[in-house]
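J.:
In structure tokens form, the structure reads like this:
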């Protein structure tokens with residue numbers, strides 16, 4: 001999708017029921033939506049359900065897309081809202097903890113240290129306040145800019161930066177036990 | 187001296203976090219293993235929604251003033267709830283929806299929205315005194331969409347399937363009506379509405395609950 005005008009045309013065709021346009025829009029957006037859902041929920045199946053829900057809800061909202069921002073940015077805002085709503089309603093935190101416990105038990109010899117580090121930081125991320133967690137996931141793991149995050153969460157880019165800074169402080173504290181060992185990776 | 191140590195600690199913390207962050211970021215999300223599976227559900231829902239959008243536009247255009255018929259349909263629904271066929275009728279237990287469907291959310295949304303459209307049409311049909319070509323055309327389109335849903339994963343839910351099959355039958359009957367003045371066919375539809383308790387079941391069911 002080269003320009004806003006192209007996006008608007010594509011959206012018009014999608015709403016009219018043009019199957020090719022619908023597939024084109026889906027293909028253009030699905031990977032990042034799925035990745036974001038996976039990062040936030042921590043489970044493939046949950047990410048699948050969230051992604052489905054995001055795209056189904058998206059159709060109803062497409063008609064109100066005014067083109068003030070890039071379509072992808074706008075979609076990510078819808079996605080974050082739907083994923084967080086879904087997460088709250090299904091209490092995924094507990095499920096995820098169970099999954100992480102199982103994964104830690106099943107980890108292979110030799111990789112247990114890496115798993116422990118990864119699990120520690122994942123748990124630390126899970127333990128953050130929701131808005132901090134989403135910002136960490138979006139910025140530090142998925143590479144969104146503060147402007148994109150601000151647009152998605154309805155906050156200023158500066159507020160996103162401040163929340164990220166506070167979240168990182170907590171995550172650094174959580175990693176203190178691994179300090180000496182992680183230093184070798186630098 | 188203390189300041190230097192604090193600075194070193196801060197640098198070490200920063201480095202530790204960056205290492206852990208990089209590791210986690212490299213554990214990329216699986217390469218979309220459900221891409222096609224998700225599309226099956228999304229594509230089906232989008233087709234239905236686009237069809238619904240088109241149908242609503244057709245109906246409102248047919249009404250001339252635009253909002254006239256739409257408003258009439260909405261009022262019809264309200265009247266239907268309070269005084270139409272089945273008003274105040276509590277369906278027998280075996281006809282009530284459990285409201286705890288195990289269908290995946292996308293299908294519940296599709297079924298819920300579809301049944302809402304069907305309810306609007308069935309109420310408006312019963313309230314009107316003659317065969318309305320717009321209603322007949324909408325019934326035909328809704329019947330086709332109903333069949334799509336029955337053949338989809340939504341049809342695997344026994345309760346949804348029963349309701350959709352009953353709705354489909356009524357919609358097909360309405361879609362074949364012609365304005366010949368013969369009341370027999372119309373009476374068959376009315377009888378079907380009464381016997382199947384479709385309207386009370388539609389009004390009681392809440393497929394969008396919790397979505």
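Chains as they are written, first to last, in my numbering: chain A, 1 to 186; chain B, 187 to 397. C-beta atoms are modelled at their ideal positions from N, C-alpha and C, and glycine is treated no differently.
#1: Tell whether a beta-carbon distance below 8 Å holds between residue 56(A) and residue 297(B).
#2: Using 10 angstroms around the beta-carbon of residue 205(B), count the other beta-carbons present and answer buried if the total reaches 16, otherwise exposed.
#3: Whole angstroms is fine: what's the gap from residue 335(B)'s alpha carbon to residue 324(B)'s?
#4: Whose CA, out of 168(A), 79(A), 7(A) and 120(A), lies closest to the CA of residue 67(A)?
#5: Would you mind working out which of 156(A), 136(A) and 148(A) sits nearest residue 69(A), comparing C-alpha positions?
#6: Find out if the Cβ-Cβ distance for the pair residue 351(B), residue 375(B) is shorter than 8 Å.
#7: Can you give the beta carbon distance from residue 49(A) to residue 290(B), rounded, assuming they're within the 8 Å contact cut?
#8: Sorted by chain position, which residues of the same chain lie with C-beta nearer than 6 Å to residue 341(B)'s C-beta, five sequence neighbours on each side aside?
#9: Kindly indicate which residue of 41(A), 61(A) and 18(A) has the alpha-carbon position closest to the one of residue 86(A).
#10: If I measure Cβ to Cβ from residue 339(B) and keep anything under 8 Å in the same chain, skipping five residues before and after, which residues do I get?
#11: Going by C-alpha distance, which of 45(A), 79(A) and 52(A) is nearest residue 407(B)?
#12: Any Cβ of chain B within less than 8 Å of the Cβ of residue 128(A)?
#13: Let's see if you can read the secondary structure: which residues bound the alpha helix (DSSP H) around residue 47(A)?
#14: Whole angstroms is fine: what's the gap from residue 39(A)'s alpha carbon to residue 20(A)'s?
#15: Can you pull out the residues from the stretch 62–78 of chain A whose beta carbon lies closer than 8 Å to at least one beta carbon of chain B?
#16: Using a C-beta cutoff of 8 Å, does residue 119(A) count as contacting chain B?
#17: Do residue 363(B) and residue 301(B) count as a contact pair if the criterion is CB distance below 8 Å?
#18: Compare the Cα-Cα distances from residue 142(A) to each of 33(A), 15(A) and 156(A) and report the closest residue.
#19: Considering just the uninterrupted stretch of the alpha helix (DSSP H) at residue 175(A), what are its terminal residues?
#20: Does the beta-carbon distance from residue 128(A) to residue 79(A) come in below 8 Å?
#21: Quick one: is residue 341(B) near chain A, going by C-beta distance under 8 Å?
#22: Please classify residue 150(A) as buried or exposed, where buried requires at least 16 neighbouring CB atoms within 10 angstroms.
#23: Going along chain A, which residues have a C-beta under 9 Å from residue 235(B)?
#24: Please compile the residues from chain B whose C-beta is within a distance smaller than 7 Å of the C-beta of residue 22(A).
#25: If you reduce the DSSP assignment to three classes, tell me which class residue 343(B) lands in.
#26: Note down, in chain order, every chain B residue with its Cβ under 8 Å from the Cβ of residue 51(A).
#27: Tell me whether the beta-carbon of residue 121(A) lies closer than 8 Å to the beta-carbon of residue 171(A).
#28: Using 8 Å as the threshold, is the C-beta distance between residue 349(B) and residue 329(B) below it?
#29: Straight-line CA distance for residue 137(A) to residue 234(B)?
#30: Could you tell me which chain B residues have their CB closer than 8 Å to the CB of residue 7(A), listed as they occur along the chain?
#31: What residues from chain B crowd round residue 172(A), counting only those whose CB sits closer than 8 Å?
#32: Could you give the DSSP three-state label for residue 362(B): helix, strand or coil?
#33: Give me the Cα-Cα distance between residue 116(A) and residue 43(A), rounded to the nearest whole angstrom.
#34: With a threshold of 16 other CB atoms inside 10 Å of the CB of residue 88(A), please say whether the residue is buried or exposed.
#35: Examine chain B for any beta-carbon lying closer than 8 Å to the beta-carbon of residue 26(A), and answer yes or no.
#36: Hey, could you find the ends of the alpha helix (DSSP H) residue 142(A) is sitting in?
T.: Inspection of the coordinates gives the following:
#1: In this structure, the beta-carbon distance from residue 56(A) to residue 297(B) does not fall below 8 Å.
#2: Under this definition residue 205(B) is a buried residue.
#3: Take the alpha-carbon of residue 335(B) and the one of residue 324(B): they are about 16 Å apart.
#4: Per the Cα distances, 7(A).
#5: Minimum Cα distance to residue 69(A) is reached at 148(A).
#6: Taking 8 Å as the Cβ cut-off, residue 351(B) and residue 375(B) do not qualify as a contacting pair.
#7: That belief holds up - the Cβ atoms of residue 49(A) and residue 290(B) are roughly 7 Å apart, short of 8 Å.
#8: For residue 341(B), where only same-chain residues beyond five positions count, the Cβ hits under 6 Å are 347.
#9: Across the set 41(A), 61(A) and 18(A), the C-alpha of 41(A) shows the shortest separation from the C-alpha of residue 86(A).
#10: Only residues of its own chain outside the window of five on either side were considered, and among them 227, 289, 290 and 293 have a CB closer than 8 Å to the CB of residue 339(B), listed in chain order.
#11: The requested residue 407(B) is not part of the displayed model; chain B covers only 187 to 397.
#12: Answer no: the Cβ-Cβ gap between residue 128(A) and chain B never drops below 8 Å.
#13: First-last of the alpha helix (DSSP H) with residue 47(A): 44–62.
#14: Straight-line spacing of the CA atoms in residue 39(A) and residue 20(A) works out to 29 Å.
#15: Residues are counted here when their Cβ sits less than 8 Å from a Cβ of chain B; for the stretch 62–78 of chain A the count is zero.
#16: Not one chain B Cβ lies under 8 Å of residue 119(A).
#17: No, these two residues do not count as a Cβ contact at 8 Å.
#18: Out of 33(A), 15(A) and 156(A), 33(A) has the C-alpha closest to the C-alpha of residue 142(A).
#19: From DSSP, residue 175(A) is part of no alpha helix (DSSP H); its letter is neither H nor E.
#20: No, Cβ-Cβ distance for residue 128(A) and residue 79(A) is not below 8 Å.
#21: By this cut-off, residue 341(B) is not an interface position.
#22: Burial call: buried.
#23: Those within 9 Å of residue 235(B) in chain A are 15, 17, 56, 59 and 60.
#24: Near residue 22(A) (Cβ distances below 7 Å), the residues of chain B are 229 and 232.
#25: Per DSSP, reduced to three states, the secondary structure at residue 343(B) is coil, with no helix or strand assignment.
#26: Neighbours of residue 51(A) on chain B, chain order: 220 and 224.
#27: Result yes, Cβ atoms of residue 121(A) and residue 171(A) sit closer than 8 Å.
#28: In terms of Cβ geometry, residue 349(B) and residue 329(B) do not form a close pair [threshold 8 Å].
#29: Going by the C-alpha atoms only, they are around 34 Å apart.
#30: From the beta-carbon of residue 7(A), no residue of chain B is found nearer than 8 Å; the closest lies around 17 Å away.
#31: For residue 172(A), the chain B residues whose Cβ falls inside 8 Å of its Cβ are 199, 200, 202 and 203, in order along the chain.
#32: The answer is coil: DSSP assigns residue 362(B) none of H, G, I, E or B.
#33: If you draw a straight line from the Cα of residue 116(A) to the Cα of residue 43(A), it comes to about 18 Å.
#34: Exposed is the label assigned to residue 88(A), since fewer than 16 other Cβ atoms lie within 10 Å of its Cβ.
#35: Flagged as an interface residue toward chain B: residue 26(A), by a C-beta distance shorter than 8 Å.
#36: Taken as a continuous stretch (DSSP letters only), residue 142(A) belongs to no alpha helix (DSSP H), as it is neither H nor E.
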